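Chemist:
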Amino acid sequence: MDLVTLTQYAINGIAVGSIIALAAVGLTLTFGILRLPNFAHGDILTAGAYFSLLINSLGVNIVLAFIGGSAIAIVGVLLCEGLIWKPMRDQGVTSTTLMIISIGLGLFIRNAVIFFWGSSTKNYDLPVPTAVNFGAFQIRYYSLIVIGMSIVTVIGLHILLQNTKLGKAMRAVADDIDLARVSGIDVQQVVIATWVLAGGLTALSGSMYGLINNLNPNMGWFLILPLFAAVILGGIGNPYGAIAGAFVIGITQDVGIYWLPEQYKLAIPLVVMILVLLLRPQGLFRGTM
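Just so we're aligned: the sequence shown equals residues 562 to 850 in my numbering.
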């Protein structure tokens, strides 16, 4: 067993896990607070990346492009909330119906991306960097940027959830929406804040993905299984569990190709998800915020 190669794969997996973590937090928030199993989540990730690509192609700095792409994605998810999700909730539709609607929404977003940008792969207008050497290991420069951005974002999310009035309201709604409503919490305001957080984090995740991989219209569809696996592994509705689950998925995916052909890479999250559902259906952590 080549420990150097295995460690190199694990380092690469940390960068992938950093990307999955932000999107998984968005997915677990929408499920935990809105009770929405959103299969369009991966395509929101894709749309965020392509919005950032559009802004970057105009000569805008990549950091500002990421902020702008996330802002556009947030506007999009808020439009979907007003036009689709709120009317459906008001009619009392089931989670199964919401799930089917989300699949259709995902298909719409994916085909819209193909319509405007085509089906070929795209890249940001950035210089090609050299890898950073750490002894026997190499880490791509943009992978370090991705890990750093993820750490900063997670710290900000923790402060919001634990130390602000909005964060406490979100936790209350996730625990018991009816009790939160009678306690005087503006549930609709919490719903809007949830979409802003979920949309922004997911779009940023997609934009970060473009730093270490090519962009393509199907990338969110390919990432939806690792995202759900991370959420289930961490405990549905638990953002911290989703982050931990994302790193487990990211690392096991990349380490797994040491023994398996790369085309089986996406099967690894599926196996992990099945094992967790069989052995610990509630996930590794308590499934609340």
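Virtual Cβ for every residue (Gly too), placed ideally from N, Cα, C.
A quick note: this is a predicted structure, and the numbers were derived from the prediction, not measured.
What residue range does the alpha helix (DSSP H) around residue 695 cover?
Modeler: No alpha helix (DSSP H) holds residue 695; the beta strand (DSSP E) holding it covers 693 to 695.
Chemist: Classify residue 744: buried if its beta carbon has 16 or more other beta carbons within 10 angstroms, exposed otherwise.
Modeler: exposed
Chemist: How many Å lie between residue 795 and residue 715 at the Cα?
Modeler: The straight-line gap from Cα to Cα measures roughly 15 Å.
Chemist: Since residue 846 is in the beta strand (DSSP E), which residue starts that stretch and which ends it?
Modeler: Where residue 846 is concerned, there is no enclosing beta strand (DSSP E), given that its DSSP letter is neither H nor E.
Chemist: Rounded to whole angstroms, what is the Cα-Cα separation between residue 855 and residue 646?
Modeler: Outside the modelled stretch of the chain, which goes from 562 to 850, sits residue 855, for which no answer is possible.
Chemist: Quick check: the Cα distance between residue 581 and residue 765, rounded to an integer number of angstroms?
Modeler: 11 Å
Chemist: For residue 617, which of 688, 742 and 758 has the nearest alpha-carbon?
Modeler: 688
Chemist: Starting from the C-beta of residue 760, find all residues in its chain whose C-beta is less than 6 Å away, skip the five residues before and the five after it, and write them out in chain order.
Modeler: 634, 635 and 638
Chemist: Using 8 Å for Cβ pairs, my map puts residue 683 next to residue 614. What's the rounded Cβ distance?
Modeler: 6 Å
Chemist: So residue 700 is in the beta strand (DSSP E); what residue range does that whole segment cover?
Modeler: 698 to 700
Chemist: Counting Cβ pairs closer than 8 Å, one from the stretch 798 to 809 and one from the stretch 828 to 846, do we hit at least three?
Modeler: yes
Chemist: Out of 599, 586 and 573, state which residue places its alpha-carbon closest to the alpha-carbon of residue 801.
Modeler: 586
Chemist: When burial is assigned at 16 or more other CB atoms within 10 Å of the CB, is residue 671 buried or exposed?
Modeler: By the neighbour-count criterion, in which a residue is buried when 16 or more other Cβ atoms sit within 10 angstroms of its Cβ, residue 671 is buried.
Chemist: Using the C-alpha atoms, what's the distance from residue 600 back to residue 610?
Modeler: 17 Å
Chemist: Skipping 5 residues on each side, what residues in its chain have a beta carbon closer than 6 Å to that of residue 667?
Modeler: 600, 601 and 604
Chemist: Kindly indicate which residue of 691, 779 and 792 has the alpha-carbon position closest to the one of residue 674.
Modeler: 779
Chemist: Among the residues of its own chain, which have a CB less than 6 Å from the CB of residue 777, if the five just before and after it don't count?
Modeler: If we look at residue 777 and ignore the five residues flanking it on each side, its Cβ neighbours are 682.
Chemist: Determine the burial state of residue 820: buried for a count of at least 16 other Cβ atoms within 10 Å of its Cβ, exposed for fewer.
Modeler: exposed
Chemist: Which residue from 754, 669, 572 and 594 puts its Cα closest to that of residue 782?
Modeler: The shortest C-alpha separation from residue 782 is found at 669.
Chemist: Between residue 584 and residue 763, how many whole angstroms is the CB-CB distance? I'm expecting something under 8 Å.
Modeler: 5 Å
Chemist: May I have the straight-line CA-CA distance separating residue 518 from residue 685, to the nearest angstrom?
Modeler: Shown here, the chain extends from 562 to 850; a query on residue 518 therefore has no answer.
Chemist: According to DSSP, which residues form a beta bridge with residue 776?
Modeler: 683
Chemist: Could you tell me whether the Cβ atoms of residue 797 and residue 578 are closer together than 8 Å?
Modeler: no
Chemist: Quick one: is residue 732 buried, meaning 16 or more other Cβ sit within 10 Å of its Cβ, or exposed?
Modeler: buried
Chemist: Please report the distance separating the alpha-carbon of residue 691 from that of residue 757.
Modeler: 35 Å
Chemist: Please report the Cβ distance between residue 705 and residue 693, rounded to the nearest whole angstrom; I am assuming they are in contact, meaning their Cβ atoms lie under 8 Å.
Modeler: 6 Å
Chemist: If you follow the alpha helix (DSSP H) that residue 598 is in, where does it begin and where does it stop?
Modeler: Per DSSP, residue 598 belongs to no alpha helix (DSSP H) and is neither H nor E.
Chemist: Just tell me which of 769, 768, 770 and 726 has its CA closest to the CA of residue 750.
Modeler: Of the listed residues, the one whose Cα sits closest to residue 750 is 726.
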